[in-house]
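Numbering (the UniProt record's numbering), first residue to last: 1 to 324.
No residue lacks a Cβ here, since even glycine has one placed at the ideal position from N, Cα and C.
Source: prediction; values computed, not measured.
The structure under discussion appears below in the form of structure tokens.
Structural data, given as structure tokens:
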């Protein structure tokens, strides 16, 4: 149960007037993946819950990692298509700051769904709770949702269920928001730009469940400089052992998951994303270890471990904390 007391200090007048805490479950992490379920908790200016909403969404294709979100093709067959729920989704988002854990991912998935439906999401700003946690200097060993929930004493009941994840985040966001208000911290708000370029690439015949959709992969996200990894480099990755925070990871070649999203997940887990391979590199991720790229050649010459994308995404699920 959250403490209903308001902060003693005056509430910052520059803070938003309302929030939409969002979680979406998807068929995957790539640009052509689709939403299979969505949940929104609407909060007032001080983070109090006003209402919540949840829906399944027929992705018109294979549901992807059922072992994560639990939604099978049979469960989604009779669910509404995204265009059918877009108006109600918009009503929940309109005039509010979108709040999510790794908000860039949730926003990009939502924006692409709206673009495919030839609509625009009524969202102008987003707030990532990972960024807010860093801004507040919360003593977290990592930035997973379950870790943030544990820090604030929020009980997670159904991980990777959109409605429960949104509830957990809403309950963890409120004390974070009040802490920020008490300290006079400027919220890490970012602009949300609609992805209108996706609308023209929508196929005339929608793919059915079991078929892959194909959309134009436009460069819709600008490159940016990443913050320095706060953990020391513990050395090279060892086979059959977990990754450890601070390890230097480099990527080479094409990936099925959008490269920046994959790198974001690595950074979120506490890894250092390296742009080149050196003797200090802990691991090289590539789907084509036989390719004659400079990174692969250097990794082989240095004896740097090499794993493919699938193995790396599995390793990301359980990254060991940095040495104290």
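Is the CB-CB distance between residue i and residue j below 8 Å?
i           : j           : result
residue 246 : residue 229 : yes
residue 234 : residue 323 : yes
residue 113 : residue 82  : yes
residue 54  : residue 30  : no
residue 106 : residue 36  : no
residue 310 : residue 281 : no
residue 242 : residue 318 : yes
residue 98  : residue 126 : yes
residue 316 : residue 265 : yes
residue 305 : residue 237 : yes
residue 96  : residue 19  : yes
residue 59  : residue 76  : yes
residue 286 : residue 275 : no
residue 191 : residue 124 : yes
residue 154 : residue 171 : yes
residue 129 : residue 89  : no
residue 194 : residue 115 : yes
residue 27  : residue 62  : yes
residue 140 : residue 176 : no
residue 269 : residue 102 : no
residue 121 : residue 93  : yes
residue 226 : residue 267 : yes
residue 119 : residue 86  : yes
residue 272 : residue 160 : no
Mind checking which residues open and close the beta strand (DSSP E) that includes residue i?
i           : result
residue 286 : 283-286
residue 190 : 189-191
residue 273 : 272-274
Provide the residue span of the alpha helix (DSSP H) that contains residue i, from first to last.
i           : result
residue 267 : 259-268
residue 116 : 103-116
residue 136 : 129-136
Across which residues does DSSP place residue i in a beta bridge pair?
i           : result
residue 306 : 284
residue 125 : 191
residue 100 : 128
residue 320 : 244
Practice prompt. With a floor of 3 residues, list each beta strand (DSSP E) that falls wholly inside the stretch 15-98, ordered by position along the chain.
Written response: Entirely contained in the stretch 15-98, the beta strand (DSSP E) runs reaching 3 residues are, in chain order, 18-26, 35-44 and 49-56.
Worksheet item: Where in the stretch 150-183 do unbroken runs of the beta strand (DSSP E), each at least 3 residues long, occur, reported from the N-terminal end onward?
Response: If only complete runs of 3 or more residues are kept, the stretch 150-183 shows no beta strand (DSSP E) anywhere.
Worksheet item: Which whole runs of the beta strand (DSSP E) in the stretch 225-253 are 3 residues long or more, in chain order?
Response: If we require 3 residues or more, the beta strand (DSSP E) runs fully inside the stretch 225-253 come out as 248-252.
Item to complete: Evaluate the contact criterion for the stretch 10-25 versus the stretch 161-169: three or more CB pairs, one atom per stretch, below 8 Å.
Response: Because the criterion of three Cβ pairs below 8 Å is met, the stretch 10-25 and the stretch 161-169 touch.
Item to complete: Determine contact between the stretch 48-64 and the stretch 175-190, defined as no fewer than three beta-carbon pairs at a distance below 8 Å.
Response: Judged by pairs of C-beta atoms under 8 Å, the stretch 48-64 does not touch the stretch 175-190, as fewer than three such pairs exist.
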